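Residue numbers (mature numbering (1 follows the signal peptide of the UniProt record, and there is no 0)): -21 to -1, 1 to 216.
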């Protein structure tokens, strides 16, 4: 009778929803991974969260390739989804992130799959901080000219094809540390500069190259500050 009662309780319990029980993993480097992340299974040291929303709210950052089910827009109409990014433009299974990591690594990179699509380790110098990294989880691919900054300075009028070109242009992407990328956010050079002072003039020059190529306009106030910065570096305004 006791055995029957235990079995009755067992089979009368509601079945758990596997999706609701999914654990979101925040890695030691601060990246939030859901089960769709290519790094989910190999992230063994993590802080668990019940949802991506909670992980991000706690200061985490979404893994490369994560797309929210809802496109978050700012009051000015900006959404990151307006800029198709991390594309595999040549069809070799490597998106812009992978191509950037391969190109920037000082040593041959290591992949975690037989097709050589996903980069895991290499040797990357972060010019923003002057530090070197070997784990791709410690890196973000930064847009020299941030997407939101571009949107606020003329890209809001671009067609999607131009936004995609801008978001994946090799002159506008660089592998840097997570902390440096978070510190920068969507700021331009008049509000933020790399902590590595030896790279600041190069950063200014690269920012100028991208804005000129895509005809992005600085405000009058920004231009005054920028001209002083360029002059200090011996660069043309």
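Ideal Cβ positions, reconstructed from N, Cα and C, are used throughout, including at glycine. Everything numeric in this text was worked out from a predicted model, so none of it was measured.
How about residue 79 and residue 152: do their beta carbons lie closer than 8 Å?
Residue numbering aside, residue 79 sits at position 100 when the chain shown is read from its first letter. Residue numbering aside, residue 152 sits at position 173 when the chain shown is read from its first letter. Contact: yes.
Less than 8 Å between the CB atoms is what I'm expecting for residue 156 and residue 104, so what's the real figure, rounded?
The residue you call residue 156 lines up with position 177 of the chain shown. The residue you call residue 104 lines up with position 125 of the chain shown. Incorrect: roughly 10 Å between the Cβ atoms, too far for contact.
Beta-carbon separation of residue 18 and residue 116 under 8 Å?
Against the chain shown, residue 18 aligns to sequence position 39. Against the chain shown, residue 116 aligns to sequence position 137. In this structure, residue 116 lies closer than 8 Å to residue 18 by Cβ.
Return the CA-CA distance between residue 162 and residue 20, expressed in angstroms with no decimal places.
The residue you call residue 162 lines up with position 183 of the chain shown. The residue you call residue 20 lines up with position 41 of the chain shown. Answer to the nearest angstrom: the Cα atoms are 28 Å apart.
Which same chain residues, not among the five before or five after residue 85, have their C-beta less than 6 Å away from its C-beta?
Stepping through the chain shown from its first residue, residue 85 is reached at position 106. Only 102 meet the Cβ criterion.
Do you know offhand how far residue 34's Cα is from residue 213's?
Here residue 34 corresponds to residue number 55 of the chain shown, with the count starting at 1. Here residue 213 corresponds to residue number 234 of the chain shown, with the count starting at 1. C-alpha separation (whole angstroms): 44 Å.
With DSSP run on the structure shown, which of helix, strand or coil describes residue 128?
For the purposes of this step, residue 128 is identified with residue 149 of the chain shown, where counting begins at 1. Three-state result, residue 128: helix.
Let's test the definition: count the other Cβ atoms within 10 Å of the Cβ of residue 129 and tell me whether it reaches 16, buried, or not, exposed.
In the chain shown, counting from the first residue as 1, residue 129 sits at position 150. When all chains shown are included, residue 129 counts as buried.
Taking just the CA atoms, how far does residue 67 sit from residue 75?
Locating residue 75 in the chain shown gives position 96, counting from the first residue. Locating residue 67 in the chain shown gives position 88, counting from the first residue. Each residue's Cα considered, the two are about 6 Å apart.
Figure out for me which residue from 143, 114, 83 and 57 has the closest Cα to the Cα of residue 6.
Along the chain shown, one-based indexing puts residue 6 at 27. The option with the nearest alpha carbon to residue 6 is 114.
Alpha carbon to alpha carbon, how far is residue 124 from residue 94?
By 1-based counting over the chain shown, the position of residue 124 is 145. By 1-based counting over the chain shown, the position of residue 94 is 115. Whole-angstrom Cα-Cα distance: 32 Å.
Any idea which residues DSSP pairs residue 169 with across the strands?
Taking the chain shown and counting its residues from 1, one reaches residue 169 at position 190. Its beta-bridge partners do not exist; DSSP assigns none.
Which same chain residues, not among the five before or five after residue 91, have their C-beta less than 6 Å away from its C-beta?
As a first step, residue 91 must be located in the chain shown, where it is residue number 112. Excluding sequence neighbours, residue 91 sits near 97 and 99.
Any chance you could list the alpha helix (DSSP H) runs of at least 4 consecutive residues sitting entirely within the stretch 8 to 46, in chain order?
Qualifying alpha helix (DSSP H) stretches, in chain order: 31 to 36.
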